[in-house]
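**Student:**
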Amino acid sequence: MSVVENAPAGATPIESSKPAIVWGPVIGGALAATGITLILLLLGSGVGLTMVSPWSGQSSSATTVGITAAIWLVVVQWLSSAIGGYLTGRLRTKWVEVHSDEVFFRDTAHGFLSWALATVFVAGFLASSLTSLASASANAAGQVAQNAISVGVSAASAPNADSTAYYVDTLLRPAKAADRAQSDDGAAAAEVSRILLQGAASGQLPDGDKSYIATIISARTGLSETDARNRVDAVLKQIDDAKSAAKEAADKVRKTGATTALVGALSLLVGAFIASAASALGGRQRDEEENLLVDTRVRRP
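Numbering (our numbering), first residue to last: 19 to 319.
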């Protein structure tokens, strides 16, 4: 029981000249939490690398690796927060003539400040690494999407000259497309490419363009008009499937990013609570140890 709790009614409280925040334990706990975080992250990276193997059938699936990494990051956050907060509470000096509720609040606040400072430290240390990783992941995802829908992407990003070339080709189409295809294979292939690019950009290919392409294919390959038209439909279906797969992959990446952000935010909130509670526990144990030591000295004969 403190002096404030035993004070008579009507007594005027005396404000201490010492600040309520002791930055030494806060900084010490933050540094300890930061060091533990970095050590555990390196350990998790080593364990994660052992789960991935270039040999077929010897590595874990991408889902397993992702879930394991997420769980490990949560464990790292909570464990480092607990240790840093506990050290913050144990290292601070005892506040004399302070109500026990106020001591509990200060210990909790010190643990929270230690967690916040450690979070800033870790974010600063890992900022460049996370930026590089995010950039590499974005580039890889963009490359996959580009490969999957190269025709559509090329058409969408093509300059106006390509679109004009398509309309010029439409105006200059010969009456007998088969004769041109047989006499100039390069020009015919380039024209078909421009038609496919335009169709992928607009989202559909007119029937006239399909018939024209089928005529060129029939002239170059010897297929009948019907078989050539079926080949055109099959290729167009492959293009549509590739675009759908790219959209599904992008949507999956979006959902994964949103889930990761929510889990990360929740983990940080839980880490803040753990650090605050651990600091309060450490402070209470420190005061109990000092009170026990004082009582032992007083009772000594």
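Where is the CB? At the ideal position from N, CA and C, for every residue including glycine. This one's a predicted model, so the numbers in the text were calculated from it and none came from an experiment.
Would F139 and T274 be called neighbours here (beta carbons separated by less than 8 Å)?
**Tutor:** Taking the sequence shown and counting its residues from 1, one reaches residue 139 at position 121. Taking the sequence shown and counting its residues from 1, one reaches residue 274 at position 256. No. Outside cutoff.
**Student:** According to the neighbour-count rule (16 or more other Cβ atoms, all chains shown, within 10 Å of its Cβ), is T278 buried or exposed?
**Tutor:** Walking along the sequence shown from the start, residue 278 turns up at place 260. Looking at its Cβ environment, which holds fewer than 16 other Cβ atoms inside 10 Å, T278 is exposed.
**Student:** Exposed or buried, Q303, counting other C-beta atoms within 10 Å across all chains shown (16 or more means buried)?
**Tutor:** For the purposes of this step, residue 303 is taken as residue 285 along the sequence shown, with counting starting at 1. Looking at its Cβ environment, which holds fewer than 16 other Cβ atoms inside 10 Å, Q303 is exposed.
**Student:** Check the C-beta distance from R238 over to A206 and give it rounded, since I have them as a contact under 8 Å.
**Tutor:** The residue labelled residue 238 in the question sits at position 220 within the sequence shown. The residue labelled residue 206 in the question sits at position 188 within the sequence shown. Between A206 and R238 the Cβ distance is about 7 Å, and since that is below 8 Å, they are a contact.
**Student:** Output the distance between the C-alpha atoms of L280 and L287, rounded to the nearest integer angstrom.
**Tutor:** Indexing the sequence shown from 1 puts residue 280 at position 262. Indexing the sequence shown from 1 puts residue 287 at position 269. Computed Cα separation, rounded: 11 Å.
**Student:** Below 7 Å CB to CB, which residues in the same chain sit around W90 once its five sequence neighbours on both sides are set aside?
**Tutor:** As a position in the sequence shown, residue 90 is number 72, starting the count at 1. Closer than 7 Å at Cβ, skipping near neighbours: G62.
**Student:** Report the rounded CA-to-CA distance for P224 versus E266, giving the unit in angstroms.
**Tutor:** As a position in the sequence shown, residue 224 is number 206, starting the count at 1. As a position in the sequence shown, residue 266 is number 248, starting the count at 1. Cα-Cα distance, rounded: 26 Å.
**Student:** Beta carbon of S297, beta carbon of G42: below 8 Å?
**Tutor:** Taking the sequence shown and counting its residues from 1, one reaches residue 297 at position 279. Taking the sequence shown and counting its residues from 1, one reaches residue 42 at position 24. Not a contact, by the Cβ cut-off of 8 Å.
**Student:** Quick check: what's the CA-CA separation for G47 versus I257?
**Tutor:** As a working mapping, residue 47 is identified with position 29 in the sequence shown. As a working mapping, residue 257 is identified with position 239 in the sequence shown. If I take the Cα positions, the gap works out to 57 Å.
**Student:** Where I54 and D269 are concerned, what is the direct C-alpha to C-alpha distance, given to the nearest angstrom?
**Tutor:** Walking along the sequence shown from the start, residue 54 turns up at place 36. Walking along the sequence shown from the start, residue 269 turns up at place 251. Each residue's alpha carbon lies about 35 Å from the other.
**Student:** Could you tell me if G300 is buried or exposed, where buried requires 16 or more neighbouring beta carbons within 10 angstroms of its beta carbon?
**Tutor:** As a working mapping, residue 300 is identified with position 282 in the sequence shown. It counts as buried.
**Student:** Which term fits S118, buried or exposed, when burial requires 16 or more other beta carbons within 10 angstroms of its beta carbon?
**Tutor:** Working through the sequence shown from its first residue, we reach residue 118 at position 100. Burial call: exposed.
**Student:** Find the nearest neighbour of V6 within the set V93, T137, L58, A252, judged by alpha-carbon distance.
**Tutor:** Outside the shown range of the chain, which is 19 to 319, sits residue 6, and nothing can be said about it.
**Student:** Can you give, in chain order, each stretch of the alpha helix (DSSP H) that sits fully within the stretch 202–274 and has at least 4 residues?
**Tutor:** Fully enclosed alpha helix (DSSP H) runs of 4 or longer: 203–220, 225–239.
**Student:** Compare the C-alpha of I292 against each of H128, P37, L59 and name the closest.
**Tutor:** As a first step, residue 292 is located in the sequence shown; it is residue number 274 there, counting from the start. Cα-wise, what sits closest to I292 is H128.
**Student:** Residues in its own chain within less than 6 Å of S294 by CB, not counting five upstream and five downstream?
**Tutor:** Taking the sequence shown and counting its residues from 1, one reaches residue 294 at position 276. These residues qualify, in order along the chain: T126, G129, F130.
**Student:** How big is the Cα-Cα spacing for L135 and A283?
**Tutor:** Taking the first residue of the sequence shown as position 1, residue 135 is located at position 117. Taking the first residue of the sequence shown as position 1, residue 283 is located at position 265. Computed Cα separation, rounded: 16 Å.
**Student:** Taking the straight line between their C-alpha atoms, what separation do you get for E120 and S132?
**Tutor:** Start at 1 with the first residue of the sequence shown, and residue 120 comes out as number 102. Start at 1 with the first residue of the sequence shown, and residue 132 comes out as number 114. Approximately 18 Å, taken between the alpha carbons.
**Student:** What is the DSSP secondary structure of W133, reduced to helix, strand or coil?
**Tutor:** Translated into the one-based positions of the sequence shown, residue 133 becomes position 115. Three-state result, W133: helix.
**Student:** With 16 as the cutoff for other CB atoms within 10 Å, does E306 come out buried or exposed?
**Tutor:** As a first step, residue 306 must be located in the sequence shown, where it is residue number 288. Label assigned to E306: exposed.
**Student:** Going by the beta-carbon positions, is the gap between L105 and A50 smaller than 8 Å?
**Tutor:** To locate residue 105, count along the sequence shown from 1; it is residue 87. To locate residue 50, count along the sequence shown from 1; it is residue 32. In this structure, A50 lies closer than 8 Å to L105 by Cβ.
**Student:** Can you tell me whether DSSP reads T111 as helix, strand or coil?
**Tutor:** As a first step, residue 111 is located in the sequence shown; it is residue number 93 there, counting from the start. In this structure, T111 counts as coil in the three-state DSSP scheme.
**Student:** Tell me whether Q216 is buried or exposed, calling it buried when 16 or more other Cβ atoms sit within 10 Å of its Cβ.
**Tutor:** Taking the first residue of the sequence shown as 1, we reach residue 216 at position 198. Counting Cβ neighbours within 10 Å, Q216 comes out buried, since at least 16 surround it.
**Student:** Where does A173 sit, in a helix, a strand or coil, going by DSSP?
**Tutor:** Numbered from its first residue, the sequence shown carries residue 173 at position 155. With a pLDDT of only 43 at A173, under 50, the local geometry of the prediction cannot be trusted, and no value is derived from it.
**Student:** How about F143 and L56: do their beta carbons lie closer than 8 Å?
**Tutor:** Taking the sequence shown and counting its residues from 1, the one referred to as residue 143 is at position 125. Taking the sequence shown and counting its residues from 1, the one referred to as residue 56 is at position 38. Yes.
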